[in-house]
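Trainee:
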Amino acid sequence: MRIIIPIKQVPETRSVKMDETTGTVIRQGVESIVNPLDLYAIETALRLKEQYGGETVAVTMGPPQAETALREALSMGVDQAVLVSDRAYAGSDTWATAYILAAAISKLGGFDLIVCGERATDGDTGQVGPELAAALNIPVASYVNRITNITGSWCVADRRLEDGEEQLQITLPAILTVVKEIGVPRLPTLDGKIRARRTAIPIYSQKELQLPENRIGLNGSPTRVVKIFRPAVARQCQLEFGGDDRQNEQAVAKLFAFLQGREVV
Amino acid sequence: MKHQDIWILAEQRHGHIMPISYELITRGLALAAGRDCRLNAMIFGHSLDTAAPEALIRCGVDRVVAVEAPELEHFTVEPYAAAMLQLIDEYRPEIILAGATSTGRTLMPYVAMSAHAGLTADCTVLEIEPGSGLLLQTRPAIGGNIMATIKCPECRPQMATVRPRSTRPAPDTPGRTGEIVRRRLTGGQLSSRIVRTGFIPDREELGLQDADKIVVVGRGIKKAENIRLARELAGALGAALGASREVIDRGWLSYPHQIGLSGKTVTPKLYIGVGVSGAIQHLAGMQTAETIVAINTDPEAQIFKVADFGIVGNLFDIVPQLTAMIKEGKQPW
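Here it is as structure tokens:
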């Protein structure tokens with residue numbers, strides 16, 4: 001079985017800061033990591049390989065330094081990695097990203113399964129997985145939390161919905177996007193790190209993929225970001241201070257009166 | 266034929282309209298007023314009775330197109346995408362809104378890719394840009410740290426998924442009329458490589474997203490046993506119990522309780538945060554609540570910036586007192 005894992009390099013979100021005057025995101029000095037939710041996709045692929053045999057391939061699209069993310073996937077045990085990178089791909093929205101990834105994955109040759117993370121923690125869209133499925137004309141099952149069986153031609157999996165789990169029988173090749181419940185990602189091993197350092201990572205650029213300009217990068221992206229700003233958080237907060245018993249009692253009495261005023265008690 | 270009208274995807278389960286559909290009507294009506302056009306709903310299912318489309322019309326939809334086939338009874342991506350693409354081809358919508366639900370977030374990207382349409386995920390604000398008439402779609406990104414406004418200048422339809430519970434459902438107007446179009450698609454158009462073989466509903470009926478009042482515990486509760494205090498307050502108020510991510514990560518409550526960017530988004534009448542600091546990811550899931558109350562020891566806690574009423578103090582003293590006062594304040598029946 002051949003499993004492809006599309007991953008993304010993202011900024012460590014907890015350390016993302018905003019420039020208050022310009023309203024832009026400061027990326028300088030922010031650590032880049034493998035999208036934490038992609039680690040679950042990598043783990044899923046590795047477990048399937050252990051159980052059913054085969055080969056795992058990680059793919060990422062990004063600037064040259066996104067290679068670091070692929071090396072981390074390799075150090076976890078992924079067999080091969082491919083970097084999709086070209087200046088012409090910069091500024092791609094999810095549509096153009098899925099289009100380019102689909103072309104890169106087609107160039108990789110056949111596959112049985114593509115496993116994606118639920119979404120990336122920077123864009124938070126969760127769109128590329130289903131878009132990639134449409135671009136490759138294969139089915140997609142999203143929010144998969146359990147894979148119970150795979151044969152040569154189909155896969156049985158559970159999918160998490162708002163109010164329960166549904167069981168699906170999926171014809172392969174297909175895309176699964178997986179959620180955290182699927183299994184705890186393993187850590188890179190020392191052997192893995194050594195192997196990762198020695199593994200050659202081919203780069204697919206426009207020279208290899210030859211994609212039409214009106215389908216890639218900013219030109220090929222249907223959406224445009226108009227502005228970025230900090231979420232407004234402004235309410236007039238009536239602040240009371242507790243302390244000793246009497247202060248607490250007064251604060252609680254004021255809160256109770258406030259709640260009565262709002263007709264919620 | 267030019268692209269026109271606002272469309273929403275109305276979701277159904279077992280023939281019942283899902284609540285998100287009425288929230289989408291609220292959004293759709295505002296946009297239709299801005300574009301001076303009609304509001305349409307598409308609904309996919311099998312053997313739908315007339316109650317479902319009629320309910321949509323009473324709440325503000327001008328025309329409902331109901332596409333029916335056995336393959337459309339439950340959501341699987343390929344038949345649903347085929348049905349939506351068919352309607353896009355026939356009616357050429359200017360805008361399509363769907364819920365940012367497990368269905369919407371799977372179907373919309375699949376369709377957008379095939380239709381070469383622009384799609385924005387999980388929007389919390391939708392408006393029409395004056396002059397251009399374009400859909401301005403605003404959404405949180407980077408863990409809720411920033412908001413981004415996105416538009417789609419050329420490709421049509423302009424597509425967006427809308428965060429559930431980010432607006433009020435449209436009210437029912439008895440007697441309101443509209444057009445119902447029933448469409449059948451044949452099996453060949455709706456083939457699926459995914460078969461839904463079963464469904465196991467969650468046992469835990471939390472009703473967090475439907476609750477009018479929610480008491481939410483944060484890390485300040487210190488240990489699992491102390492959650493009892495919040496539970497008692499919730500009991501006195503008739504409120505549901507939620508939690509911030511730290512509480513879930515420590516295993517003090519189960520994941521369905523989680524409120525915030527990686528959990529549920531809620532819009533209750535009353536939110537009471539108990540020992541919740543107010544990380545931006547949490548605020549993204551609750552700041553649309555009508556009334557926000559926070560109890561926290563730290564006067565600098567972010568939660569106070571979005572609260573209407575705050576008590577800086579020890580929750581272990583304050584919460585039991587509040588619970589007692591609410592119990593006493595209630596009229597004996």
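Protein sequences, first through last, are from chains F and E. Numbering-wise, the first sequence is residues 1 to 265 according to this note's numbering. Numbering-wise, the second sequence is residues 266 to 598 according to this note's numbering. Even glycine gets a Cβ: it sits at the ideal position worked out from N, Cα and C.
#1: Just to confirm my understanding: we take E/I293, look at its own chain, exclude 5 residues before and 5 after, and list those with CB closer than 7 Å. What are they?
#2: When you check each C-beta in the segment 565–588 of chain E against every C-beta of chain F, which residues fall closer than 7 Å?
#3: F/T223 versus chain E: which residues are under 8 Å apart at the beta carbon?
#4: Taking all protein chains shown into account, do 16 or more other C-beta atoms lie within 10 angstroms of the C-beta of F/F241, making it buried, or fewer, making it exposed?
#5: Would you kindly report the start and end of the unbroken alpha helix (DSSP H) that includes F/I100?
#6: CA-CA distance, F/G152 and E/R493?
#7: Output the distance between the C-alpha atoms of F/L101 and F/M61, rounded to the nearest integer angstrom.
#8: For the segment 455–480 of chain E, which residues have a beta carbon sitting closer than 7 Å to at least one beta carbon of chain F?
#9: Since E/G500 and E/V531 are thought to touch, with beta carbons under 8 Å apart, how far apart are those beta carbons, to the nearest angstrom?
#10: Across which residues does DSSP place F/E166 in a beta bridge pair?
#11: If you compare alpha carbons, which of E/R461, E/R484, E/R458, E/L455 is closest to E/G516?
#12: My output table needs one value for E/Q277: the three-state DSSP class, helix, strand or coil.
#13: Taking its Cβ as the centre, do 16 or more other Cβ atoms sit within 10 Å of F/L113, making it buried, or is it exposed?
#14: Assign E/M349 to buried or exposed, taking buried as 16 or more other Cβ atoms, counted over all protein chains shown, within 10 Å of its Cβ.
#15: Ignoring anything shorter than 4 residues, give me the alpha helix (DSSP H) runs that lie fully in the segment 201–257 of chain F, in order along the chain.
#16: From F/G216 to F/T94, what distance separates their C-alpha atoms?
#17: Where does the unbroken alpha helix (DSSP H) through F/T44 begin, and where does it stop?
#18: Excluding the 5 residues flanking F/I175 on each side, which residues of the same chain have their C-beta closer than 7 Å to its C-beta?
#19: For the segment 229–251 of chain F, which residues have a CB atom closer than 9 Å to at least one CB atom of chain E, in sequence order?
#20: Out of E/K592, E/F581, E/Y536, E/A589, state which residue places its alpha-carbon closest to the alpha-carbon of E/I568.
#21: Please confirm whether E/G594 has its beta-carbon closer than 8 Å to some beta-carbon of chain F.
#22: Would you mind stating whether E/I576 and E/I560 have Cβ atoms separated by less than 8 Å?
#23: In this structure, does DSSP put E/Q596 in helix, strand or coil?
#24: Check E/M307 in the structure and name its three-state DSSP category.
#25: Name the residue from F/V82, F/M76, F/I33 whose alpha carbon lies nearest to the alpha carbon of F/A69.
#26: Using the beta-carbon count (16 or more within 10 Å), is E/M412 buried or exposed?
#27: Considering Cα atoms alone, identify which of E/A554, E/G540, E/G396 is closest to E/E565.
#28: In three-state terms, what does DSSP make of F/L187?
#29: Measuring only the C-alpha atoms, how far is E/R300 from E/Q269?
#30: What's the C-alpha gap between E/L538 and F/R159?
#31: At a Cβ threshold of 8 Å, is E/P597 touching chain F?
#32: So with CB distances below 7 Å, who are the chain E contacts of F/K227?
#33: Cβ of E/E490 within 8 Å of Cβ of E/G364?
#34: Using a cut-off of 9 Å between C-beta atoms, extract the partners of E/I486 located in chain F.
#35: Could you check what DSSP says for E/V427 in three-state terms: helix, strand or coil?
#36: Which of the three DSSP states is assigned to E/I353 in this structure?
Mentor: In this structure, then:
#1: It should be pointed out that residue 293 of chain E corresponds to Gly in this sequence rather than to Ile. Closer than 7 Å at Cβ, skipping near neighbours: I271, I273, L304, L362.
#2: Here the close residues are F569, K570, V571, A572, D573, F574, G575, I576, V577, G578, N579, D582, I583, Q586, L587.
#3: Ordered by position in chain E, the residues that pass the 8 Å Cβ test against F/T223 are G383, L384, T385, I415, K416, C417.
#4: Counting of Cβ neighbours within 10 angstroms places F/F241 among the exposed residues, the total staying below 16.
#5: Counting along the chain, the alpha helix (DSSP H) containing F/I100 begins and ends at 94–107.
#6: The straight-line gap from Cα to Cα measures roughly 51 Å.
#7: Distance from the CA of F/L101 to the CA of F/M61, rounded to the nearest whole angstrom, comes to 7 Å.
#8: Across the segment 455–480 of chain E, CB contacts with chain F closer than 7 Å involve R458, I459, V460, R461, T462, G463, F464, I465, P466, D467, K478, in sequence order along the chain.
#9: A Cβ-Cβ separation of about 18 Å leaves E/G500 out of contact with E/V531 under the 8 Å criterion.
#10: F/E166 is bridged to F/R159, E/F464.
#11: Ranking the options by Cα distance to E/G516, first place goes to E/R484.
#12: E/Q277: strand per DSSP, three-state reduction.
#13: In this structure F/L113 is buried. Its beta-carbon is surrounded by 16 or more other beta-carbon atoms within 10 angstroms.
#14: Within a 10 Å sphere around the beta-carbon of E/M349 sit 16 or more other beta-carbons, which makes this residue buried.
#15: Runs of the alpha helix (DSSP H) inside the segment 201–257 of chain F: 206–209.
#16: It is worth fixing the name first, because residue 216 of chain F is Ile in this sequence and not Gly. Spanning the two alpha carbons is a distance of roughly 10 Å.
#17: It spans 38–52 - the alpha helix (DSSP H) in which F/T44 sits, taken as one unbroken run.
#18: I114, C116, G129, L132, A133, I138, V140, listed in sequence order.
#19: Here the close residues are F229, R230, P231, A232, V233, A234, R235, Q236, C237, Q238, L239, E240, F241, G242, G243, D245, Q247, N248, E249, A251.
#20: Minimum Cα distance to E/I568 is reached at E/Y536.
#21: Yes, E/G594 counts as interfacial toward chain F.
#22: For E/I576 and E/I560, yes; Cβs fall inside 8 Å.
#23: Low per-residue confidence applies at E/Q596: pLDDT is 49, beneath 50, and the placement is therefore not dependable, though the value from the model is reported in the following sentence. Residue state, collapsed to three classes: coil.
#24: Three-state result, E/M307: strand.
#25: Looking only at F/V82, F/M76, F/I33, the smallest Cα-Cα distance to F/A69 is reached by F/I33.
#26: Buried, since its Cβ has 16 or more Cβ neighbours within 10 Å.
#27: Ranking E/A554, E/G540, E/G396 by Cα distance to E/E565 puts E/G540 first.
#28: The three-state reading of DSSP puts F/L187 in coil, since its state is none of H, G, I, E or B.
#29: If you draw a straight line from the Cα of E/R300 to the Cα of E/Q269, it comes to about 9 Å.
#30: Note that residue 538 of chain E is Gly in the sequence shown here, rather than Leu. Their backbone Cα atoms lie some 32 Å apart in a straight line.
#31: Because the pLDDT of E/P597 is 46, which lies under 50, any placement of that residue in the model is unreliable, and the question is left without a value.
#32: Within chain E, the residues near F/K227 are T414.
#33: No.
#34: In chain order: nothing, as chain F lies at least about 16 Å away.
#35: Note: E/V427 maps to strand in three-state DSSP.
#36: Note: E/I353 maps to helix in three-state DSSP.
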